[in-house]
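Let me begin by presenting the structure, written as structure tokens, before commenting on it.
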Amino acid sequence: MHTVLLVEDTLTDREVVTQCLRRSGLNVMTATSCEDALDQLQRQRPDVILLDVVLPGQSGFEFCRTLKDEPKTSAIPIVIYSTKDTDLDKFWGMRQGADAYLSKPIDQEELVRTVKQVIKR
13 MHTVLLVEDT LTDREVVTQC LRRSGLNVMT ATSCEDALDQ LQRQRPDVIL LDVVLPGQSG
73 FEFCRTLKDE PKTSAIPIVI YSTKDTDLDK FWGMRQGADA YLSKPIDQEE LVRTVKQVIK
133 R
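See below:
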């Protein structure tokens, strides 16, 4: 069974996305900040990271770039999902190394499909 690290600081979004992913057969680890996510990554390597952009402290864009620059985490696929949904935001997210970019509010079917696609790559 594949594991997703969900980095989301909003409780409601975190619970909705967690339940959606679990119903689709995925294990879910959660983090509420980039610092919390780094702690999770020390304990377990997920198959994919689902990353919000607007987070306390470091932004999801910065964290994505950091993970992609680090040899231990550079191969982990990252799906950014955010309320920041302009073409420029999406372009910037992909430039930071994201493997996919989804907009909030999240379409649950698209979320599951995208997560499973990046895991297969």
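Using the numbering used here, you'd call the opening residue of the sequence shown number 13 and step up by one each time. Where is the CB? At the ideal position from N, CA and C, for every residue including glycine. Everything numeric in this text was worked out from a predicted model, so none of it was measured.
- Message: Comparing C-alpha positions only, which one of D101, E122, V16 sits nearest to G37?
- Response: V16
- Beta-carbon proximity check, L67 vs V91, cutoff 8 Å: No, Cβ-Cβ distance for L67 and V91 is not below 8 Å.
- Message: Need the endpoints of the beta strand (DSSP E) that I90 sits in, please.
- Response: Run containing I90: 90-94, per the beta strand (DSSP E) assignment.
- Spatial neighbours of D59 within its chain, please: CB distance less than 8 Å, with the 5 preceding and 5 following residues excluded, ordered by chain position. H14, T15, V16, I88, P89, I131
- Helix, strand or coil at A112 [DSSP, three-state]: strand
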